[in-house]
Amino acid sequence: PHFIINLPTSQINVCFNIDNQPGSILNLVSDPEQGIAVNGKIIAAKKAKSGKLNTYFGTIGMYFKEQNMKIEISPEKIIVKDAFYSRMMSWSESISMDQNGFLVSVKKNSNVTITVNENMKLLVVLHRAWKKHPVNVDFLGLYIPNETKFSAATHGLIGQFRIEPEVSVYDVRAGTDPEKPIATMEKNGDKLTVTRGTQKEYLTHPGMPTSVTCWFVHNNGKGFIDGHYKDYIVPQIYSFFKR
Amino acid sequence: SVLSDDDESEVFTEDSITLHSYKVESTITSHFVNTMIRSKVVNNAKHPQNIVFDIQVPKGAFINNFTMNVNGITFSGSIKEKSVARNLYSKARARGKAAGLMRTNSLDLENFKAELNVPPGSKVQFEIHYQEALRRKLGVYEHALYIQPGRLAKHLEVDIYITEPQGFGFVNVPKTITEDFAGLVKITKGDKKAHISFKPTLDEQRTCPTCSTTAVNGNLLVKYDVKREQSSHLQVFNGYFLHFFAPDNLPPLPKNILFVIDVSGSMWGLKMKQTVEAMKSILEDLRPDDQFSIVDFNHNIRCWKDELVYASSVEKEDASKYVQRIQPNGGTNINEALLRAIFILKEASNKGLLEPNSVSLIVLVSDGDPTVGELKLSKIQKNVRTNIRDDFSLHSLGIGFDVDYDFLERLAQENHGMAQRIYGNQDTAAQLKEFYNKVSTPLLKNIVVNYPMEAVSDVTQNSFHNYFKGDEIVVAGKLKPESVPNLMSIINANSANADLTYQLIEEAEELNELFEESKHVFPDFARQYWAQLTINQLLAERNLATTSAAKRNITQTILQLSIDHHFVTPFTSLLIESENGNERMLADSPRDPKGGCCQTLVVNARVPPNLPQPTPETGAQQSKTAPPDVMIPKLVDDD
Chain A
0 PHFIINLPTS
10 QINVCFNIDN
20 QPGSILNLVS
30 DPEQGIAVNG
40 KIIAAKKAKS
50 GKLNTYFGTI
60 GMYFKEQNMK
70 IEISPEKIIV
80 KDAFYSRMMS
90 WSESISMDQN
100 GFLVSVKKNS
110 NVTITVNENM
120 KLLVVLHRAW
130 KKHPVNVDFL
140 GLYIPNETKF
150 SAATHGLIGQ
160 FRIEPEVSVY
170 DVRAGTDPEK
180 PIATMEKNGD
190 KLTVTRGTQK
200 EYLTHPGMPT
210 SVTCWFVHNN
220 GKGFIDGHYK
230 DYIVPQIYSF
240 FKR
Chain B
186 SVLSDDDESE
196 VFTEDSITLH
206 SYKVESTITS
216 HFVNTMIRSK
226 VVNNAKHPQN
236 IVFDIQVPKG
246 AFINNFTMNV
256 NGITFSGSIK
266 EKSVARNLYS
276 KARARGKAAG
286 LMRTNSLDLE
296 NFKAELNVPP
306 GSKVQFEIHY
316 QEALRRKLGV
326 YEHALYIQPG
336 RLAKHLEVDI
346 YITEPQGFGF
356 VNVPKTITED
366 FAGLVKITKG
376 DKKAHISFKP
386 TLDEQRTCPT
396 CSTTAVNGNL
406 LVKYDVKREQ
416 SSHLQVFNGY
426 FLHFFAPDNL
436 PPLPKNILFV
446 IDVSGSMWGL
456 KMKQTVEAMK
466 SILEDLRPDD
476 QFSIVDFNHN
486 IRCWKDELVY
496 ASSVEKEDAS
506 KYVQRIQPNG
516 GTNINEALLR
526 AIFILKEASN
536 KGLLEPNSVS
546 LIVLVSDGDP
556 TVGELKLSKI
566 QKNVRTNIRD
576 DFSLHSLGIG
586 FDVDYDFLER
596 LAQENHGMAQ
606 RIYGNQDTAA
616 QLKEFYNKVS
626 TPLLKNIVVN
636 YPMEAVSDVT
646 QNSFHNYFKG
656 DEIVVAGKLK
666 PESVPNLMSI
676 INANSANADL
686 TYQLIEEAEE
696 LNELFEESKH
706 VFPDFARQYW
716 AQLTINQLLA
726 ERNLATTSAA
736 KRNITQTILQ
746 LSIDHHFVTP
756 FTSLLIESEN
766 GNERMLADSP
776 RDPKGGCCQT
786 LVVNARVPPN
796 LPQPTPETGA
806 QQSKTAPPDV
816 MIPKLVDDD
């Protein structure tokens, strides 16, 4: 999967890929104070393309400890579980479920929005591939608006950027690919080489990707993310990130 | 639909009447059935003979045409207001130009019989059309055809064409007239279209190789369901829309259920034994978060427990033992029993003992009229209506022949419930259990279906108390001519501890392509489906109307709809007349005053001596109808 981190103060987008084994689960957000965990399970394309096997998020799991709600979203179905009931919703119809300030809203074959008490919003976008496509598979995208209120203790591959890091990019120069200049990125005093690139973003126009220009961090976000990407592997779809 | 002599091969019969062909064709489009039965008969005898066209129509279906052709003279049908039709018919009768037509009730069918005295060498063709909206029950649509040609047919052909825009979940034919014919019933199934056909040769129809009698006599039953990828499906066609809502994958709502069981003397024997069997199984199926109790009544009212209890295994076992100990005797005090049940539910509710999103039901099982306490049925209805709360529902099950099913049905209708007749036989326990299964799993409550006001009109009932698993909510309406090409609907409902909102947008006329490429589609399905739903709802509303003015208004609306959509309803008759209007017949909708027993409604024969032999069931009623001149006006106009 690829990640795009929007840094409003620096006015830049930073992107990186995480390539991990299919079946492994990555922690994306872990807010121990509010009791919120968001994880993504990796799936692979049907086969390698140009020698590379692409990976994606096949399942997104969300756990809201306070409300005792668990949401599991896959390209096949959406399951919402509370202490007493388990509900299955389908991507083939638009439906919303309101339960004590907890709103799960499915937009037919497009996205699921989870709104908690109106100050927290998470969006999962469905990417459907052609069923008989030789390589591509259905996968999911997760969008977390900057306004979503996580606590200061929040971590995870995305959650750690709740507090915007000090980032500057300078010394833009030609790289091996003339289309993609390289530059030096300084993050909280550490320096790394980044490459100019574009990534697809589906939030603005669902179903129609918008190209986002970003500075790409190589080696699974090494130097930009806190620690090593393998630190973010968790055992269960509803697990919290542990340092 | 005219007579043809394309086949001269003979079928030798004792009475020299040849059934030239017998064709049955059902076209099912989006669960709406249009059935045609056509029979061509020749009197080969050298003397006049009575020829009978005798078919069975499922209850709930509306007959919408009947035509005859006698030696080239066509009799065609038209729907008229009852008294208008009767007057025209009377005039014909006065001139001796009226023929016999008979409609009678049996348990779940109506018999339709036309009888003609036919001169030697004459050919007659009968053709009847009826329409029926299939109701989904326990996840299945059932279409039954009653194939009874009565004699060997040179050409016998049964075709059922099904077109379902949602695609089929499954299609099967569990009954094939008799098991011997199973191999002759062919099923062709595609994604959205299916064809079931049955075309036995003359020899295949025979009861034995040398017999001249037919073995073709029984039901052809088709069961199917459509794919349920979406909870609801909107179909827009020819200016009408149909909205089918049947969500699944929802956790069941807890229920509070009161079983009110008639244990009067008349229940003694098989009925009680079967009721106990059913109750044992029903109790077993209660879920731990269900609350229940049992009220059993004869002239006295008894309760297993005075309050609702949770369905733990201990309580269920105790209740089961209680039911098994019941010895039926005494009278029937329905009024007190129902009031007690309502009291128990209200008490539990007032004390806050009912789960917030639970569904409260009373299931009444009775086999007879009240004989003790309040006897006036209207007073019992009023007592129940004034005491019951709007969020409770009352379901009625009438066992056997002596039960006043109309009364039980009214009780259920007035109180958001369903009614069902249970036939008192070896199968009673299974029938009771099947009914319980229908209401045992409530999935949603307070369902409201909305459409943009500017886009639709004449929408049928759009709010419902409960939705049970396996059932289907159907709403229909008209599209306003100036409406946008897309129709949107929003359904709000309460599920277990959550509120749900379903939103659906469907493109108008999306079905055109599917239907254009299908030869066997009933093009008026949406229009007629809407009309049947509306008429049935108006009939139920009419039962509940409190003023005669309101009743009159509803009657007038039903009458107009029946005429516009060509349905025989309780307020219309089908007048069948020859091209010059000289000869007439009349078909009315039979009433169901006492349930199961057969009742002759219109009996008139141009040649009365050869009326069919009365069966043990019909004999008593038929004898009451003689002489026809006296009885007919009273029976026909008894509204």
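The listed protein sequences derive, respectively, from chains A and B. Its first residue numbered 0, the first sequence is counted upward by one per residue in my numbering. Its first residue numbered 186, the second sequence is counted upward by one per residue in my numbering. By construction, the Cβ of each residue, glycine as well, lies at the ideal position given by its N, Cα and C atoms.
Under 9 angstroms, do Ser545 (chain B) and Asn441 (chain B) count as touching if we go by C-beta distance? Within the second sequence, residue 545 (chain B) is the residue found at index 360, counting from 1. Within the second sequence, residue 441 (chain B) is the residue found at index 256, counting from 1. Yes; because the gap between Cβ atoms is below 9 angstroms, this pair is in contact.
Checking 9 angstroms against the spacing of the C-beta atoms, do Ala504 (chain B) and Asp474 (chain B) come in under that value? What you label residue 504 (chain B) is simply residue 319 of the second sequence in a count that begins at 1. What you label residue 474 (chain B) is simply residue 289 of the second sequence in a count that begins at 1. Going by C-beta atoms, Ala504 (chain B) is not nearer than 9 angstroms to Asp474 (chain B).
Using a Cβ-Cβ cutoff of less than 6 angstroms, which residues in the same chain neighbour Tyr142 (chain A) once the five nearest sequence positions on both sides are dropped? Residue numbering aside, residue 142 (chain A) sits at position 143 when the first sequence is read from its first letter. Leu122 and Leu202, listed in sequence order.
Going by beta-carbon coordinates alone, are Ala615 (chain B) and Ala604 (chain B) separated by less than 9 angstroms? Indexing the second sequence from 1 puts residue 615 (chain B) at position 430. Indexing the second sequence from 1 puts residue 604 (chain B) at position 419. Result no, Cβ atoms of Ala615 (chain B) and Ala604 (chain B) do not sit closer than 9 angstroms.
Less than 9 angstroms between the C-beta atoms of Ile720 (chain B) and Phe247 (chain B), yes or no? Stepping through the second sequence from its first residue, residue 720 (chain B) is reached at position 535. Stepping through the second sequence from its first residue, residue 247 (chain B) is reached at position 62. The answer is yes: Cβ separation under 9 angstroms.
Would you mind stating whether Gly424 (chain B) and Glu317 (chain B) have Cβ atoms separated by less than 9 angstroms? Here residue 424 (chain B) is taken as the residue at index 239 of the second sequence, counted from 1. Here residue 317 (chain B) is taken as the residue at index 132 of the second sequence, counted from 1. No, these two residues do not count as a Cβ contact at 9 angstroms.
Decide yes or no for the touch test of the segment 263 to 276 of chain B against the segment 321 to 328 of chain B: beta carbon pairs closer than 8 angstroms, at least 3 of them. no
Should Ser674 (chain B) go down as buried or exposed, given a rule of 16 or more other Cβ atoms within 10 Å for buried? Mapped onto the second sequence, residue 674 (chain B) falls at position 489. So Ser674 (chain B) counts as buried.
Within 8 angstroms: the Cβ of Gly140 (chain A) and any heavy atom of the ligand MN? Ligands in the displayed structure: none, and consequently the ligand MN is not present.
For a cutoff of 9 angstroms on Cβ pairs, would you count Asp200 (chain B) as touching chain A? The count along the second sequence starts at 1 and reaches residue 200 (chain B) at position 15. Not one chain A Cβ lies under 9 angstroms of Asp200 (chain B).
Can you grab the Cα-Cα spacing for the pair Gln159 (chain A) / Leu25 (chain A), in whole Å? Position 160 of the first sequence, counting from 1, holds the residue named residue 159 (chain A). Position 26 of the first sequence, counting from 1, holds the residue named residue 25 (chain A). Taking the straight line from one Cα to the other gives about 13 angstroms.
Counting only C-beta atoms, is Lys241 (chain A) closer than 9 angstroms to chain B at any point? Locating residue 241 (chain A) in the first sequence gives position 242, counting from the first residue. No, no contact with chain B.
According to the Cβ coordinates, are Ile202 (chain B) and Val218 (chain B) closer than 9 angstroms? Start at 1 with the first residue of the second sequence, and residue 202 (chain B) comes out as number 17. Start at 1 with the first residue of the second sequence, and residue 218 (chain B) comes out as number 33. Result no, Cβ atoms of Ile202 (chain B) and Val218 (chain B) do not sit closer than 9 angstroms.
Residue range of the unbroken alpha helix (DSSP H) whose run includes Ala614 (chain B): For the purposes of this step, residue 614 (chain B) is taken as residue 429 along the second sequence, with counting starting at 1. Element bounds for Ala614 (chain B): Thr613 to Ser625.
Whose C-alpha, out of A:Leu6, A:Ser9, A:Ile35 and A:Ala44, is nearest the C-alpha of Asp18 (chain A)? If you number the first sequence from 1, residue 18 (chain A) lands on position 19. The shortest C-alpha separation from Asp18 (chain A) is found at A:Ala44.
Only counting the same chain, and skipping five residues up and downstream in sequence, which positions put a Cβ closer than 7 angstroms to that of His484 (chain B)? For the purposes of this step, residue 484 (chain B) is taken as residue 299 along the second sequence, with counting starting at 1. Excluding positions up to five away in sequence, the list reads Gly515, Gly516, Asn518 and Val557.
Using a Cβ-Cβ distance under 9 angstroms, would Pro670 (chain B) count as near chain A? Working through the second sequence from its first residue, we reach residue 670 (chain B) at position 485. No, Pro670 (chain B) lies away from the interface with chain A (no Cβ there is under 9 angstroms from its Cβ).
With H, G and I counted as helix, E and B as strand and the rest as coil, what does DSSP make of Glu32 (chain A)? Within the first sequence, residue 32 (chain A) is the residue found at index 33, counting from 1. Note: Glu32 (chain A) maps to coil in three-state DSSP.
Can you name the residues that DSSP bridges to His38 (chain A)? Along the first sequence, read from residue 1 onward, the residue named residue 38 (chain A) stands at position 39. At residue 38 (chain A) the sequence reads Asn, which differs from the His that was named. Partner(s): A:Asn26 and A:Gly60.
Between B:Leu664, B:Ile446, B:Ala279 and B:Asn296, which lies nearest to Arg712 (chain B) when the distance is taken from Cα to Cα? As a working mapping, residue 712 (chain B) is identified with position 527 in the second sequence. Nearest of B:Leu664, B:Ile446, B:Ala279 and B:Asn296 to Arg712 (chain B), Cα basis: B:Leu664.
Rounding to the nearest angstrom, what Cα-Cα distance links Ala790 (chain B) and Asn697 (chain B) in this structure? Residue 790 (chain B) sits at position 605 when you count from the first residue of the second sequence. Residue 697 (chain B) sits at position 512 when you count from the first residue of the second sequence. Note that Ala790 (chain B) has pLDDT 29, beneath the 50 cutoff, so the model's placement of it is unreliable and the number below is only indicative. Spanning the two alpha carbons is a distance of roughly 47 angstroms.
Using the C-alpha atoms, what's the distance from Tyr315 (chain B) back to Leu699 (chain B)? Position 514 of the second sequence, counted from the start, is the residue given in the question as residue 699 (chain B). Position 130 of the second sequence, counted from the start, is the residue given in the question as residue 315 (chain B). Distance between the alpha carbons of Leu699 (chain B) and Tyr315 (chain B): 24 angstroms.
What number of angstroms, rounded off, separates the C-alpha of Ile565 (chain B) from the C-alpha of Val445 (chain B)? Residue numbering aside, residue 565 (chain B) sits at position 380 when the second sequence is read from its first letter. Residue numbering aside, residue 445 (chain B) sits at position 260 when the second sequence is read from its first letter. Cα-Cα distance, rounded: 15 angstroms.
Could you tell me which residues DSSP pairs with Thr361 (chain B) in its beta bridges? As a position in the second sequence, residue 361 (chain B) is number 176, starting the count at 1. Bridge partners of Thr361 (chain B): B:Leu405.
Contact defined as beta carbons within less than 8 angstroms: I believe Ile236 (chain A) pairs with Glu71 (chain A). What is the distance between those atoms, to the nearest angstrom? Numbered from its first residue, the first sequence carries residue 236 (chain A) at position 237. Numbered from its first residue, the first sequence carries residue 71 (chain A) at position 72. 6 angstroms between Cβ atoms; contact.
Beta-carbon within less than 6 angstroms of Ala379 (chain B)'s beta-carbon, same chain only, minus the 5 sequence neighbours each way: which residues are those? Looking up residue 379 (chain B) in the second sequence gives position 194. Excluding residues within five positions, the ones whose Cβ falls inside 6 angstroms are Ile347 and Val356.
is_contact[Glu65 (chain A), chain B] using C-beta, thresh 9 angstroms: By 1-based counting over the first sequence, the position of residue 65 (chain A) is 66. So, not an interface residue.
Under a Cβ-count criterion, where at least 16 other Cβ atoms within 10 Å of its own Cβ denotes burial, should Pro541 (chain B) be classed as buried or exposed? Along the second sequence, one-based indexing puts residue 541 (chain B) at 356. Looking at its Cβ environment, which holds fewer than 16 other Cβ atoms inside 10 Å, Pro541 (chain B) is exposed.
May I have the straight-line CA-CA distance separating Asn677 (chain B) from Ser210 (chain A), to the nearest angstrom? Numbered from its first residue, the second sequence carries residue 677 (chain B) at position 492. Numbered from its first residue, the first sequence carries residue 210 (chain A) at position 211. Cα-Cα distance, rounded: 38 angstroms.
Going along chain A in order, which residues have a C-beta closer than 9 angstroms to the C-beta of Asp684 (chain B)? The count along the second sequence starts at 1 and reaches residue 684 (chain B) at position 499. Those are Ser95, Met96, Asp97 and Gln98, listed as they occur along chain A.
Checking 9 angstroms against the spacing of the C-beta atoms, do Val303 (chain B) and Asn254 (chain B) come in under that value? Residue 303 (chain B) sits at position 118 when you count from the first residue of the second sequence. Residue 254 (chain B) sits at position 69 when you count from the first residue of the second sequence. Not a contact, by the Cβ cut-off of 9 angstroms.
Taking the CB atoms as reference points, tell me whether Leu549 (chain B) and Asp388 (chain B) lie closer together than 9 angstroms. Stepping through the second sequence from its first residue, residue 549 (chain B) is reached at position 364. Stepping through the second sequence from its first residue, residue 388 (chain B) is reached at position 203. Result no, Cβ atoms of Leu549 (chain B) and Asp388 (chain B) do not sit closer than 9 angstroms.
If you drop the 5 nearest sequence neighbours on each side, which residues of the same chain put their C-beta closer than 8 angstroms to that of His132 (chain A)? For the purposes of this step, residue 132 (chain A) is identified with residue 133 of the first sequence, where counting begins at 1. Result list for His132 (chain A): Lys45, in chain order.
Would you list the residues sitting across from Glu762 (chain B) in a DSSP beta bridge? The sequence position of residue 762 (chain B) within the second sequence is 577, counting from 1. Answer by DSSP bridge pairing, in chain order: B:Ser261 and B:Arg769.
Could you tell me the distance, in whole angstroms, from the CA atom of Glu768 (chain B) to the CA atom of Glu762 (chain B)? Counting from one through the second sequence, the residue named residue 768 (chain B) turns up at place 583. Counting from one through the second sequence, the residue named residue 762 (chain B) turns up at place 577. Roughly 5 angstroms between the two C-alpha positions.
Give, in chain order, every residue of the segment 536 to 558 of chain B whose Cβ lies closer than 8 angstroms to some Cβ of chain A. none
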